[in-house]
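Heads up, the thing below is written out as structure tokens.
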Amino acid sequence: MKSRRQFKIKRLYARCISAICVRQSTSRWLSGYEASCRGFESKESILHWCRDHRVHHKYTETDADPYNSKRGFFFCHIGWMMCKKHSAVIAAGKKLPMADLLADPVVRFNAKYYKPMWLLFCFIFPTVIPVYFWDEKWLNAFCVAGVLRYVFQLHCTWYINSIAHMFGYRPFDKNMEARDSPFSDYVFPNEGYHNFHHAFPRDYKAKEHGFSLNCVRVFIELMALIGQAYDLKLSSDEVIKSRKLRTGDGSK
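Numbering (full-length UniProt numbering), first residue to last: 1 to 252.
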């Protein structure tokens, strides 16, 4: 249960970062929180991840896609980190506008000091806290709360690039490899409706039905209620239905 709660927190953070990717706005306070979580999750800086995420959506399943699922399960899960980026990925990244992110001082700070933030939030804090608060052994704290948690988080994140692009249904766009899967949504909250997310990338709720489990939407709307998030994008029911009828696979 602890790992599942940690993953919910991580996915909540990732969806907030996705909101930045599609030019939905957050306050400096919330951006600072996201930057701190970035070190805890430890993939790459906000600027780097947002750039690759925008490229992934614009050029999905092509050579310009950093996690191109057509190159096989291993590549889109972890192989893309074990080799040099395709020249098309680099070229596509240079073409996309990033001025909105570069204008954010929190994003610039995170990009400049990402490595020390990564060490602090990913390994030092998770190791020190168990030792200090419940007298855990240093080695156990480092190996479990630091290394094992880090590896688990990475694979949960990479799952979105692999499993969520290979297994499930395509009710909104059958021409995309991104898939919807209720089972995946249960195991990995808010990432099970990936076909919807790719068909409507600017929609912050990331799934069709608002009444289903969606802790990320609740958090983002709570932040909007207290003035910490704004300019949220939401797809209308008419647009969703039209897209489903026009390009969906008829699965629902």
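Every residue gets a Cβ at the ideal spot worked out from N, C-alpha and C, and that includes glycine.
Values in this document were obtained by computation on a predicted structure and should not be read as measured data.
Mapping the DSSP letters down to three states, classify residue i as helix, strand or coil.
i	result
Asp237	helix
Asp52	helix
Tyr67	coil
Cys21	Any reading at Cys21 must be qualified, since the residue scores a pLDDT of 48, below 50, and its modelled position is unreliable; no value is offered.
Tyr193	strand
Asp180	strand
Leu101	helix
Leu96	coil
Glu61	coil
Phe109	helix
Lys252	coil
Glu34	helix
Phe142	helix
residue 296	Residue 296 lies beyond the range of the chain shown here (1 to 252); nothing can be said about it.
Mind checking which residues open and close the alpha helix (DSSP H) that includes residue i?
i	result
Cys122	Per DSSP, Cys122 belongs to no alpha helix (DSSP H) and is neither H nor E.
Lys85	Element bounds for Lys85: n/a, residue is neither H nor E.
Ser162	Arg149 to Ser162
His165	That residue, His165, is in no alpha helix (DSSP H); it is neither H nor E in DSSP.
Cys76	Phe73 to His77
Which residues in the same chain have their Cβ closer than 8 Å to the Cβ of residue i, if we skip the five residues on either side of it in sequence?
i	result
Ser235	Phe200, Arg202 and Asp203
Asn195	Gly168, Tyr169, Arg170, Pro171, Phe172, Asp173, Met176, Ala178, Arg179 and Asp180
Quick one: residues in its chain with C-beta nearer than 6 Å to the C-beta of residue i, no 5 flanking neighbours on either side, listed in chain order?
i	result
Ser181	Gly168 and Gly192
Ser251	Tyr169 and Pro171
Tyr114	Ser45
Between residue i and residue j, how many whole angstroms is the CB-CB distance? I'm expecting something under 8 Å.
i	j	result
Leu101	Met223	No, Leu101 and Met223 are not in contact; Cβ-Cβ is about 19 Å, not under 8 Å.
Trp138	Val144	Not really, about 11 Å apart at Cβ, beyond 8 Å.
Pro66	Trp80	6 Å
Phe188	Tyr150	Contact doesn't hold; Cβ gap of about 17 Å is too wide.
Entirely enclosed alpha helix (DSSP H) segments - the stretch 207 to 231, minimum 4 residues:
215 to 225
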